[in-house]
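S.K.: Dropping a structure here in structure tokens format, bear with me for questions.
In full-length UniProt numbering, the protein residues as written are 1 to 126.
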């Protein structure tokens, strides 16, 4: 039983031997991966060196990530609280769907950007 599970020689079936012998027949028009890698190694003269590239600079200074986080999330919490108070205190007749959507949209935008800068502040670069 163990000898059947762990064979030292692969089983040769007519299907696998036919596939091995005609492996390039199905891909006659496509180059093999060895040819692609070889041509990529030869074309290194077209590549730009790291020294000639300019370093990427973030549009937002990382020193102000904590300040942006606190300001944006504070504004987001304010609009979230306003939305909650509006929903709790308004009656069915005094509710305005457009006002609800507008307050919720503003709250979610500020909270979203606040969480984005919070992630950047703690070192999770997204």
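All C-beta atoms, glycine included, are put in the ideal place defined by N, C-alpha and C.
Mapping DSSP to helix, strand and coil, what is residue 5?
M.R.: Confidence in residue 5 is poor, its pLDDT being 48 and thus under 50, which makes the residue's placement unreliable; the coordinate value appears in the next sentence. Three-state result, residue 5: helix.
S.K.: Please list, in chain order, all residues of the same chain as residue 118 whose beta carbon is under 6 Å from its beta carbon, the five residues on each side excluded.
M.R.: These residues qualify, in order along the chain: 69.
S.K.: From which residue to which residue does the alpha helix (DSSP H) around residue 99 run?
M.R.: First-last of the alpha helix (DSSP H) with residue 99: 97 to 122.
S.K.: Does the beta-carbon distance from residue 111 to residue 91 come in below 8 Å?
M.R.: No, Cβ-Cβ distance for residue 111 and residue 91 is not below 8 Å.
S.K.: Hey, residue 50 and residue 113: beta-carbon distance below 8 Å or not?
M.R.: Result no, Cβ atoms of residue 50 and residue 113 do not sit closer than 8 Å.
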